[in-house]
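Using the working numbering, read the sequence shown as starting at 8 and increasing by one per residue. Following: one structure in structure tokens, then a few remarks.
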Amino acid sequence: MILTTMCYIQKEKQTLLLHRVKKKTDINSGKWIGVGGKFETGESAEECMKREIFEETGLKAQKLQLQGFVSFPGIYYGEDELMFVYTCHEFSGEIHECDEGILQWIDNDKIASLPMWEGDYHFFEWLKDDKIHSAKIVYENDHVIEYQEESY
8 MILTTMCYIQ
18 KEKQTLLLHR
28 VKKKTDINSG
38 KWIGVGGKFE
48 TGESAEECMK
58 REIFEETGLK
68 AQKLQLQGFV
78 SFPGIYYGED
88 ELMFVYTCHE
98 FSGEIHECDE
108 GILQWIDNDK
118 IASLPMWEGD
128 YHFFEWLKDD
138 KIHSAKIVYE
148 NDHVIEYQEE
158 SY
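Shown next as structure tokens:
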């Protein structure tokens, strides 16, 4: 199983998203996603998330908020993925260019119109409460064929 993180960095009524348009071979090609990536050996989820935020954006996260986690059976070239989903409202630094795509602050009311993974739209609902969410999302040909969620 591949372990990953994703964060929605937020300020005022905007979220920093990454439009994945730069890599030739990219499972996320053309989609808008939060920043994040794969765990490195020995990392905790929080260490991975803070490192990925810094590497992809140049920002230093002061405080992360875990929103939940989601499993994606077979999504990563046939391998299962477990992703920890965070938000970050406290950060410092200046955004730099990202080699994986274009970073852009998006008005929260415009996010629903962006091309994203279908399951990602659910994550924005998670941000509206104080619960921890656990989901399983099964994709087939880039479309959700099964969605299960619990919240605590």
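Positions of the beta carbon are idealized from the N, C-alpha and C atoms, including for glycine. Because the structure is a prediction, the values reported are computed rather than measured.
Give, in chain order, every unbroken run of the alpha helix (DSSP H) that is at least 4 residues long and sits entirely within the stretch 22-75. 52-64
Mapping DSSP to helix, strand and coil, what is Trp-112? Residue 112 sits at position 105 when you count from the first residue of the sequence shown. Trp-112 falls in the strand class under three-state DSSP.
What three-state label does DSSP hand Lys-135 in the structure shown? Sequence index remark: in the sequence shown, residue 135 carries index 128 (1-based). Coil at Lys-135, not helix or strand.
Helix, strand or coil for Asp-87? Go by DSSP, reduced to three states. Along the sequence shown, one-based indexing puts residue 87 at 80. Asp-87 falls in the strand class under three-state DSSP.
Cβ shell of Glu-47 (< 8 Å), same chain only, five flanking positions each side left out: Along the sequence shown, read from residue 1 onward, the residue named residue 47 stands at position 40. Counting only Cβ-Cβ distances below 8 Å, and skipping sequence neighbours, we find Cys-55 and Arg-58.
For Ile-82, does the three-state DSSP call read helix, strand or coil? Counted from its first residue, the sequence shown places residue 82 at position 75. Reduced to three states, the DSSP call for Ile-82 is strand.
Could you tell me which of Arg-27, Leu-134 and His-150 sits nearest to Cys-95, measuring between CA atoms? The residue you call residue 95 lines up with position 88 of the sequence shown. For Cys-95, the nearest C-alpha among the options comes from Leu-134.
Does any residue of chain C bring its CB to less than 7 Å from the CB of Ile-60? No chain C appears in the structure shown, which is made up of a single protein chain.
Beta-carbon separation (whole angstroms), Gly-37 vs Thr-11, contact threshold 8 Å: The sequence position of residue 37 within the sequence shown is 30, counting from 1. The sequence position of residue 11 within the sequence shown is 4, counting from 1. The Cβ separation is near 19 Å, so there is no contact.
Am I right that Leu-23 and Gly-108 are in contact with their C-beta atoms under 8 Å? What's the rounded C-beta distance? The residue labelled residue 23 in the question sits at position 16 within the sequence shown. The residue labelled residue 108 in the question sits at position 101 within the sequence shown. That belief does not hold up - the Cβ atoms of Leu-23 and Gly-108 are roughly 12 Å apart, past 8 Å.
For the beta strand (DSSP E) that Ala-142 lies in, which residues bound it at each end? The residue you call residue 142 lines up with position 135 of the sequence shown. First-last of the beta strand (DSSP E) with Ala-142: 140-147.
Which residues does DSSP list as the beta-bridge partners of Lys-18? Reading the sequence shown from its first residue, position 11 is the one you call residue 18. BP columns for Lys-18 point to Gln-21.
Counting only the same chain and skipping the five closest in sequence on each side, list residues whose C-beta sits under 8 Å from that of Ser-99. For this step, residue 99 is matched to residue 92 along the sequence shown. These residues qualify, in order along the chain: Leu-66, Lys-67 and Gln-69.
Mind checking Glu-125: buried by the 16 CB within 10 Å criterion, or exposed? By one-based count along the sequence shown, residue 125 stands at place 118. That one is exposed.
Thinking C-alpha only, which one of Glu-53, Val-151, Lys-30 and Asp-87 is nearest Asp-127? Counted from its first residue, the sequence shown places residue 127 at position 120. Among Glu-53, Val-151, Lys-30 and Asp-87, the Cα nearest to that of Asp-127 is on Val-151.
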